[in-house]
Every structure is written in structure tokens, then in C-alpha cells.
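Residue numbers (my numbering), protein chains in the order written: chain L, 27 to 94; chain D, 1183 to 1356.
Beta carbons: idealized from backbone N, C-alpha and C, even for Gly.
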Amino acid sequence: MAIIVNLDVMMAKRKISLNELSEKVNITQANLSNLKTGKAKAIRFSTLEKICESLDCQPADILEYRNE
Amino acid sequence: MSIKRKGLISILLFHIILMVGFTVATLWRVVDNPTFNHNNEMVVMSGALQIKVMILLLLTSASILYPLYLMIRLIKNLEKDKIFNGENIKLMQRIVRALVVFAFLAILGISTSNEFSIEFSRWSIRNGALDFSGISLNFSVFIIAILSIIIIIIAMVEVFKEGLNLKEENDLTV
């Protein structure tokens, strides 16, 4: 997919583990893992909002468009 | 076990009993068996023809067992809340193929056993030509019924494929 999820980069910058983030955002680890590995097909605005709030970042820090 | 599954299993068992009974009954009376045609003339069905008819009808009966078994498996999956999955789609595709085979065998078997067809085939052999008018006259309703079922299942396969796509998308939405 042309949309790349850079959640792992942002998580490394904020030094937060998947477990911690899943607790903060209130999403299962499996779903978060799907998002991190790029398996997810879509993301809800509410989820994006929670992640941005927890990681104190902008949606653009997590999502990136690459022309393939 | 649901009523639907119980019903299908009963049909399956009943069918097997009928098949066995039919074989025994036919073998019992393989003799020159007089019947009457539409002109009220006596037509003798030879023993060889009776056996041919029996084998064809038996094959027809046996060919419905497989789609029935597949339907039981499908209902079992639906009961387990496995509705939109790849296995169900494959099962339905197999049911369609099995029903096509059944329809073909049924047309062949029943038309051979049909009095008119026997007459027509005898007439055809004598005249060196093949005539299938007996088939179209007597089995058009049966063929339309089976074809309708097949078309409905094909439509259901498409619906289930779309359902599977939507389910996957929904499952992978975070």
C-alpha cells in the first residue's frame, strides 16, 4: 500500500512499548500490532486521535504517503 | 443440532433407504415387464433395459448424496457463526458442481426410464437418427427447478464473496 504507518518510529522516539500504548489508547495489542505491521486496512479517526494524544504527535508523524 | 440439520440428515438417511429398496425391487422383478404407452399399446421393457435404467437411476440417486452432505457441512458452519468465510464459499461452489452432475444424470436416467423416450429411442434406432423430444416434453419443469436452485446458489456465492470482503475490511479496521 502507498500509505506507510510509521507508528514504530514514533513509539521508539517516545520510548513507549506496545503494551503501554495499548493500555493508554485502550486498543488490544493484536489490533495495534496489525496497525504497526501494516496489515490494517483502515484506521478510525477516534483511534488516530487517541494515538496522537498518547504519543503527543500529529497524524502526519504516524502516516506517510509514498508514491509507488 | 438444529432442525435444519436434522431435516437434512433425515432426508439423507431416507434417500439411502430408498436407494437400497429401489435396487432390491428392480433386481427382484427383472423380467419382461409389460407396460402401456400413450396409444394404449403394450410395450415390453426388456431385462437389459431395466438394468440400464436401474443403474442410471441409482447413479442419479447416489449423486444427490454428495450435495446433501455438503449442505449439512454448510449448515454446521453457519450454526457455529462461521458465516462469511472462505470454506463456506468453496462448499457452495462444490454444491453447484455436484448439482450440475446430478441434473445431468437425472435427465439422462429419468428420460431413459421414460416410456416415451424408450419408444422414441427405439424409433430413432430404427430410423437411424436421435430424437430427444421425449426429454424436453417431460422434464422441462424438473430441469427448470434444478437450474433455478443452481442459479440461486451461484448468486449466493457472489453475495458471500462480497460479505467476506466486507468482513475482512471490518476486522482489519483499527
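- prompt: In its own chain, which residues sit with a C-beta less than 8 Å from the C-beta of L1194 (chain D), not counting the 5 before and 5 after it?
  reply: L1247, L1250, Y1251 and I1254
- prompt: With a CB to CB cut of under 6 Å and the five nearest residues on each side skipped, what residues in its chain are close to A1288 (chain D)?
  reply: Result list for A1288 (chain D): T1242, in chain order.
field: Assumed close pair L1281 (chain D), I1326 (chain D) - CB separation to whole angstroms, cut-off 8 Å
entry: Here L1281 (chain D) is actually not in contact with I1326 (chain D); their C-beta atoms are around 14 Å apart, not less than 8 Å.
- request: Note down the Cα distance separating K1186 (chain D) from N1259 (chain D), rounded to an integer number of angstroms.
  value: 12 Å
query: Where do the ends of the alpha helix (DSSP H) carrying L1354 (chain D) lie?
result: No alpha helix (DSSP H) holds L1354 (chain D); DSSP gives it neither H nor E.
field: Run of the alpha helix (DSSP H) containing E79 (chain L), from where it starts to where it stops
entry: F71 to L81
task: Let me know the secondary structure DSSP gives A28 (chain L) once reduced to three states.
output: coil
query: What residues from the segment 52 to 82 of chain L come within 8 Å of chain D, judged by C-beta to C-beta, listed N to C?
result: Legend: CB atoms of the segment 52 to 82 of chain L lying less than 8 Å from CB atoms of chain D belong to residues I53, N57, L58, N60, L61, K65, A66, K67, A68, I69, R70 and T73.
Among L:L44, L:L89 and L:I77, the one whose alpha carbon lies nearest that of S59 (chain L): L:L44
field: Beta-carbon contacts of N93 (chain L) that lie in its chain and below 8 Å, excluding the five residues immediately before and after
entry: A28
- prompt: How many whole angstroms separate the CB atoms of L1256 (chain D) and L1273 (chain D), which I take to be in contact at a CB cut-off of 8 Å?
  reply: 5 Å
task: Anything in chain L within Cβ reach of L1354 (chain D), meaning under 8 Å, just list it in chain order.
output: Correct list: N60, K65, A66, K67 and A68.
- prompt: Out of curiosity, what's the CA-to-CA distance linking K50 (chain L) and L1348 (chain D)?
  reply: 29 Å
- request: Could you tell me which residues DSSP puts in a beta bridge with Y91 (chain L)?
  value: L:I29
- prompt: When the Cα atoms are used, what is the spatial distance from I42 (chain L) to D82 (chain L)?
  reply: 12 Å
field: Residue-chain proximity (E1344 (chain D), chain L), Cβ-Cβ < 8 Å
entry: no
- prompt: Looking at chain L, which residues of the segment 1260 to 1277 of chain D have a Cβ within less than 7 Å of any of its Cβ atoms?
  reply: From the segment 1260 to 1277 of chain D, no residue has a Cβ closer than 7 Å to chain L.
- request: Kindly indicate which three-state DSSP category A66 (chain L) falls into: helix, strand or coil?
  value: coil
message: To the nearest angstrom, how far is the alpha carbon of N32 (chain L) from that of L1346 (chain D)?
response: 28 Å
field: I42 (chain L) (DSSP reduced to helix, strand or coil)
entry: I42 (chain L) falls in the coil class under three-state DSSP.
message: So for N1266 (chain D), helix, strand or coil by DSSP?
response: Checking the displayed sequence, the identity of residue 1266 (chain D) turns out to be Phe instead of Asn. Residue state, collapsed to three classes: coil.
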